[in-house]
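Using UniProt numbering, the first residue of the sequence shown is number 1, and each one after it goes up by one.
First up is the structure itself, then whatever we jot down about it.
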Amino acid sequence: MKNEFLQDFIRQATKENETKIAQEKRKKHFQELGRKGGLKTKENKKLDKVISIRMTNPEYKILLEKQEKYPLKLSTYIRYVLFEKELKINEFQTDEILLQYGTHFKKITNLLRNREWNVFENKKEILMKIENLIELIHQYLYSKIQENE
1 MKNEFLQDFI RQATKENETK IAQEKRKKHF QELGRKGGLK TKENKKLDKV
51 ISIRMTNPEY KILLEKQEKY PLKLSTYIRY VLFEKELKIN EFQTDEILLQ
101 YGTHFKKITN LLRNREWNVF ENKKEILMKI ENLIELIHQY LYSKIQENE
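What follows is the structure in structure tokens.
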């Protein structure tokens with residue numbers, strides 16, 4: 001009788017232990033999936049070195065005037081100029097303008113489709129030209145993205 005009790009106790013303990021191990025394996029499996037999936041983490045390059053420079057007031061004012069043209073902090077602007085990355089800033093501005101044009105053209109096509117614009121005889125031609133223009137904008141932007149990669 002004691003022997004049966006011990007065997008039952010051991011079986012029950014091993015079953016509980018196996019379920020715990022199975023739960024931990026499942027938890028680790030989903031943690032691994034979470035690490036593999038989702039967005040890639042950005043490489044955070046720490047800016048840990050500080051350089052201080054001295055300049056005159058007119059030099060500082062000129063630097064501030066040049067920096068105000070771009071939506072950057074002064075330190076990032078100086079870093080971009082130092083490493084000759086200033087040209088990329090202007091490219092992003094033209095891309096933003098093109099994206100805005102694309103959204104505006106889409107709004108125009110939606111207005112032409114959804115409302116009664118029967119005044120225009122060549123409504124379909126206008127819609128086709130606008131859709132072609134939107135497609136060209138998207139092709140240009142996607143080609144730029146692929147070139148950068």
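Built from N, CA and C at the ideal position, the CB exists for glycine as well.
The beta carbons of ILE137 and ILE108 sit about 13 Å from each other, so the pair does not count as a contact at 8 Å. In this model, LEU72 and GLU65 are separated by some 12 Å (Cα to Cα). Between LEU6 and LYS27, the alpha-carbon positions lie close to 31 Å from each other. Residue burial is scored here from C-beta neighbours: TYR77 has at least 16 other C-beta atoms within 10 angstroms and is therefore classed as buried.
Taking the Cα positions, GLU24 is about 10 Å away from GLN31.
Straight through space, the alpha carbons of LEU98 and SER75 are spaced by roughly 28 Å.
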